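Okay, so here's the structure we're looking at.
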Amino acid sequence: MNSLLRRPLLHFWLIGFLIFVVERGYFAPEAVLEVAYPNADQIAALASQWQQARGREASAAGLARMIQQAIDQSILLSEALRLGFHYQDSIVQQRLIRDMRFMQDDSAASDVELLEQAYAMSLHVNDLVVRRRLVQMMESYLRASGENQPLTDKVLRALYLEQIETFTQPERLSFSHAFVSQDRHRGKSLERAQQLVKHFEEDELSPEVGVSKGDPFISGYRFSKVTQQQIEREFGAGFGERIFDCQVGQWGGPIRSVYGWHAVWLSERLPAEPMSYESVKSKLVYEYRSQTGNRSFENAMATLRAQYQITGAPK
Amino acid sequence: MRIVKTKNNGKRIVVAIALIGGLVTLQSCSDALDAVRTKATQTYVLWKFGSELLEMPADILTAHPERNAKRSAYFGDLHVHTTYSFDAFAFGTMASPYDAYRYAKGETIKHPAGFDLKLREPLDFYAVTDHAMFLGALPAAADTSTEFSKYDFNQGLHNFNAPEKLNTDTVQERFSLFRGFLPGILTGIVDGTVDIDKLNEIVVDAWADTINAAELFNDPGTFTTFVAYEYTSSTADMGNLHRNVIFKGADKLPAMPFSRFHSQDPEGLWNWMDELRSEGIESFAIPHNSNGSNGQMFKLEDWADDPMDENYTAKRIRNEPLIEITQIKGTSETHPSLSDSDEWANFEIAPYRVATTLNSEPKGSYAREALLNGLNFQDQNKTNPYKFGFIGSSDTHVAATSDDESNYFSKVGLMDSNAMLRGSIPASEEELATRRNNNNAQNRIKEVDGKEYISGAIETFGASGIAGVWAEANTRDAIYDAFRRKETFATSGPRMKIRLFAGYGFDNEMLNDEDVIEKAYATGVAMGSDILASPQIEGKSEAPGFLLWATQDARSAPLQRLQIIKGWVVDGKHHEQIYDVACADGGKVDSTTHRCPDNGAKVSISDCSISEDLGAPELKTAWTDPDFNSEHQAFYYARVMENPTCRWSTWDAVRAGVAPRSDLHATIQERAWSSPIWFRPKREGE
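See below:
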């Protein structure tokens, strides 16, 4: 027996067998993960939803993006189910219980029993709201590792310097205006406004005097340090652009607003300037968390995509 | 930010603030008096050495010249839920109070269904108002990493956390769901296994985070936030009694918000607010969705159904100077059955008790009727509990105001996140299949013109509303003061501006005066105030003049008509009258019918385009009540109407390429309401 045990051939077979067992038992690929490519009806539904939301047909590239998103969502749903999120989330559970009560209106079963039945019937895979909820939970889960990374002032300051060009206080104006009301002067409002500008220029009227020659304006006559966006919010689209073309210390216009015509006097033009670190810090924190979360999600998603086979995809 | 933990500390701080405030006031007064003294001395010297008597100058010196005395319009939303609200969480909302404020400032955030949300225009002020009860508790219970989630009683809370059942009014249902939770937690507290302080810590932590977000984003002069929350009470028959509580400052605040678990009777809330006020913490409450109160919000009795006494009425109006007249779950100005002479009364009526499809009784549920009832109190020389001003807000549960008809995303997250779920386009076979074969679900499907739609309360929701104020500056103090003096207005979404003044000697000539607003403030009263009867000449008082001025939202439709809504009482009997007072397109008001001619503005239902070159960018007038009687208590408020535009449900249908649902209004007339001005007759002894 001892001599048998010492035979090299036996050693060879034994070692080979062990390698075989270990390799098959521990290092074999897991069961193949797969999700289905959307079928024709599902693709048509995606296109239809897009059209409902936007009011026009999706382009070919847009449709391809939506198909990829649908596949990604199927992967996320599959992963959420693999991790058992549907057993943990109270919103999912309550929705399933509600679905079961709809179907068995007179049932005396307890919530726990109904929930077990729902799982057995795979209702958690079929219910639209549950599916959306599970996908959303999985997205949050994948983002969380990035979003929760520790954040220091040094990191934020570096981010601030990196993006300083985007943190700009836009150009601002201070101005006065004399208003010619469309409601009051109707067809003659433009003519009246042109006369006012001419009169103000020729007589070199100060803004205080000029303003008093116009009609009452509900938001007042002087605006201080306002951006183009703020001006357009008050006077309507296009006004902001026109007034920025005017010169400081001169009468300009008339410029049309939704309310009528305006002779304008620019008293100050403040150039665009970088915003201070302190003033944008909260935004930086949000952006950082958002970026790291996105990165974490994209990396995890890329790994998952590589692990899944897409069945039924067009050749 | 400091959170008050004990009463004594609070009192010490109040005393300190009072002393410092007193010193500052004394110093300011002293400066002003010095200035007056100097001027007076100079005059005296001239008089003494001159040969003739000099006139005393009429100049008045003020220590603090008022800044922006004409006041500017600011727009905001005072009713916003985030992930800390148990129902918003259940609807899938993950957006935090921080996200809510970012959205209000014009940034993009995510809807629970994944799409982007961005305002057309940033707002000027915003208040996150999460439900006080279970503030932050659901995220904590659902998060299995928290200590709180480990308690056995959280099994009951898990079951409680349902998208449809978890609403603020399902009182009976909630208590039945809590049958396991409540005994479990109470037993745990008694035997020491559950620490109540730890439980409260969740609410306190969420509240502290809510305050922190408000403080972080408050930017005086640019963007204002208010620390706020929702007190969510209701009657046993699911009559809605919800209020939002808005705090003036954030330096000193209660450690946790007062919820319906502290008192289901709103008077308990007012008592708490009064107590805080005595400690220097100023706040007020805004009732909302009176339309869904089943006649309970503006009834004439107190919680115990006893007649309101003076203590109750004074307490109520002291704590509730404003109401939310419009929001997503309907508009509460008036109801067609209460105001049959108002052709515009049928506007975004949501007829159900909140979070149900049970009909809500109109009587006692709408603002105009409450204003009329309030006049009865005044007529009897009692405090008027319903002397309130108006604001609008959204009640969004996704942290984001949804007030744009053309880009509406409603309020309950995943549950109404697309046109089909909102019931504005026919439901898909897949959605119908999940609902068709059960009794309850059939209530949620409605056949209209041979097509099946998801139905319930959601299709009666509206893309509304906005709170407007006239304030000196965009700061907490200035805007809060505007709330308190009721110089506020509501809009159904667009940023229309509306002003209303009353005074004697107002005429149309004033309207062309550059200083019209200064004069109106100097010689009259603004919205939210009383106008007192003028001295009598030959036994009669002069009718006050009203100055009305409204302008369109530069990015919305032009205006069609400007109106006065008058309510008055004679021998306890209610009367109301709608007067058109200014018409677009040169129209003249018919003096018999008090109506403008139809300006002919139309909407194309096929693409939602509107008539061009019709309507007015601004409407204004000086108006005197042709039916004025100086003996009658009366209120007057202004309402301005846009030209018709597509309702959100029509926009949904147009985008989907289907016909709009015929049982819903295809078009609406967006509008703004000023707060009222009350006329007070002169009484004996006044």
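For the record, the sequence lines run as chains A and B.
Take the first sequence: its position 134, counted from the start at 1, is 1121 in my numbering, and no numbers get skipped.
Take the second sequence: its position 337, counted from the start at 1, is 454 in my numbering, and no numbers get skipped.
Positions of the beta carbon are idealized from the N, C-alpha and C atoms, including for glycine.
Fair warning: this is a prediction, and the values are worked out from it, not measured in the lab.
Report task. Determine the chain A residues that contact E238(B) at a beta-carbon separation under 8 Å, and present them in chain order. Result -> Under a criterion of Cβ atoms nearer than 8 Å, the residues of chain A adjacent to E238(B) are, in order, R1220.
**Report entry** Partner residues on chain A for S189(B), Cβ-Cβ distance less than 8 Å
**Finding:** Correct list: S1206, G1207.
Query - Other residues of its chain near S747(B): CB distance less than 7 Å, five sequence neighbours each side excluded - result: Result list for S747(B): A650, K657, S658, P798, in chain order.
Query raised in the report: Alpha carbon to alpha carbon, what distance is there between L676(B) and S545(B)?
Result: So the two alpha carbons sit approximately 39 Å from each other.
Query raised in the report: In three-state terms, what does DSSP make of G567(B)?
Result: It is coil, neither helix nor strand.
Report task. Have a look at I794(B) and L531(B) and give me their C-alpha separation to the nearest angstrom. Result -> Looking at the two C-alpha atoms, the distance is approximately 42 Å.
Query raised in the report: By DSSP, does P383(B) sit in helix, in strand, or in coil?
Result: Looking at P383(B) - three-state DSSP - the assignment turns out to be helix.
Report task. Could you check the C-alpha separation between P1016(A) and T200(B) for me, to the nearest Å? Result -> Residue placement at P1016(A) is flagged as unreliable, the pLDDT there being 49, under the threshold of 50; the coordinate-derived value follows with that caveat. If I take the Cα positions, the gap works out to 41 Å.
Query - Delimiting residues of the beta strand (DSSP E) encompassing T1214(A) - result: Taken as a continuous stretch (DSSP letters only), the beta strand (DSSP E) holding T1214(A) covers 1209-1214.
Requested in this report: Note the first and the last residue of the continuous beta strand (DSSP E) segment covering N1113(A).
Outcome: Boundaries around N1113(A) are those of the alpha helix (DSSP H), 1110-1113, since no beta strand (DSSP E) includes it.
Query - Where E1029(A) falls, given that 16 or more other Cβ within 10 Å makes a residue buried - result: Here residue 1029(A) turns out to be Gln, not Glu, going by the sequence shown. Exposed, because fewer than 16 other Cβ atoms sit within 10 Å of the Cβ of Q1029(A).
Query raised in the report: Does any residue of chain A bring its CB to less than 8 Å from the CB of D391(B)?
Result: So, not an interface residue.
Query raised in the report: How big is the Cα-Cα spacing for D241(B) and G223(B)?
Result: The alpha-carbon atoms of D241(B) and G223(B) are separated by roughly 10 Å.
Query raised in the report: Using 8 Å as the threshold, is the segment 558-575 of chain B in touch with the segment 782-791 of chain B, meaning 3 or more CB pairs across them?
Result: Counting Cβ pairs under 8 Å, fewer than three are found: no touch.
Requested in this report: Below 8 Å on the Cβ atoms is my guess for E1219(A) versus F1226(A); work out the distance and round it to an integer in Å.
Outcome: At roughly 6 Å, the Cβ-Cβ gap stays under 8 Å, so E1219(A) and F1226(A) are in contact.
Query raised in the report: With C-beta atoms as the reference, is G1239(A) less than 8 Å away from L1253(A)?
Result: Yes; because the gap between Cβ atoms is below 8 Å, this pair is in contact.
Query raised in the report: Between the segment 1218-1246 of chain A and chain B, which residues of the former have a C-beta closer than 8 Å to a C-beta of the latter?
Result: Within the segment 1218-1246 of chain A, the qualifying residues are E1219, R1220, E1221, F1222, G1223, A1224, S1244, V1245, Y1246.
Report task. Report yes or no: is there a C-beta of chain A within less than 8 Å of the C-beta of M644(B)? Result -> Chain A contact via Cβ: absent.
Requested in this report: Check whether the Cβ of E729(B) lies closer than 8 Å to any Cβ atom in chain A.
Outcome: No, no contact with chain A.
Query raised in the report: From D630(B) to A739(B), what does the alpha carbon distance come to, in whole angstroms?
Result: So the alpha carbons of these two residues sit roughly 13 Å apart.
Requested in this report: Taking C-beta pairs closer than 7 Å, name the residues in chain A that D630(B) reaches, listed in chain order.
Outcome: What D630(B) touches in chain A: P1203.
**Report entry** Nearest neighbour of G1236(A), chosen from L1160(A), Y1273(A), I1242(A), Q1296(A) [CA to CA]
**Finding:** Nearest of L1160(A), Y1273(A), I1242(A), Q1296(A) to G1236(A), Cα basis: L1160(A).
Query raised in the report: From which residue to which residue does the alpha helix (DSSP H) around Q1075(A) run?
Result: Counting along the chain, the alpha helix (DSSP H) containing Q1075(A) begins and ends at 1072-1075.
Report task. Ignoring anything shorter than 4 residues or poking outside the segment 713-778 of chain B, list the alpha helix (DSSP H) runs there in chain order. Result -> Runs of alpha helix (DSSP H) with 4 or more residues, each lying fully within the segment 713-778 of chain B, are found at 765-773, listed in chain order.
Query - Spatial distance of K1200(A) from A1165(A) (CA atoms) - result: Rounded to whole angstroms, K1200(A) to A1165(A) spans 7 Å at the Cα level.
Report task. Please report how far the alpha carbon of I1205(A) lies from the alpha carbon of V633(B), in whole angstroms. Result -> Rounded to whole angstroms, the gap between the alpha carbons of I1205(A) and V633(B) is 10 Å.
Report task. Just list the alpha helix (DSSP H) runs in the segment 1181-1230 of chain A, keeping only unbroken ones of 4 residues or longer that don't cross its boundaries, in chain order. Result -> List check, alpha helix (DSSP H) in window: 1194-1199, 1215-1222.
Query raised in the report: Which residues mark the beginning and the end of the alpha helix (DSSP H) in which Q1294(A) is found?
Result: The continuous alpha helix (DSSP H) containing Q1294(A) extends over residues 1264-1294.
Query raised in the report: What is the DSSP secondary structure of V1022(A), counted as helix, strand or coil?
Result: Of the three classes helix, strand and coil, the one that applies to V1022(A) here is strand, per DSSP.
Query raised in the report: For D647(B), which residues from the same chain have a beta carbon less than 7 Å from its beta carbon, with the 5 sequence-adjacent residues on both sides left out?
Result: Hits under 7 Å: W795, R797.
Query raised in the report: With 16 as the cutoff for other CB atoms within 10 Å, does N1286(A) come out buried or exposed?
Result: Counting other Cβ atoms within 10 Å of its Cβ, N1286(A) stays below 16 and is therefore classed as exposed.
Query raised in the report: With a cut-off of 8 Å, does the C-beta of D1190(A) fall near any C-beta of chain B?
Result: Answer no: the Cβ-Cβ gap between D1190(A) and chain B never drops below 8 Å.
Query raised in the report: Rounded to a whole number of angstroms, what is the C-alpha to C-alpha distance between I319(B) and N436(B)?
Result: Roughly 28 Å between the two C-alpha positions.
**Report entry** Neighbour flag for D1140(A) against chain B, beta carbons, 8 Å
**Finding:** The beta carbon of D1140(A) does not come within 8 Å of any beta carbon belonging to chain B, so the residue lies off that interface.
Report task. Report the rounded CA-to-CA distance for G579(B) versus S527(B), giving the unit in angstroms. Result -> Roughly 8 Å separates the two Cα atoms.
**Report entry** Residue span of the beta strand (DSSP E) that contains H1249(A), given as start and end
**Finding:** Judged by DSSP secondary structure, H1249(A) falls within the beta strand (DSSP E) whose first and last residues are 1247-1257.
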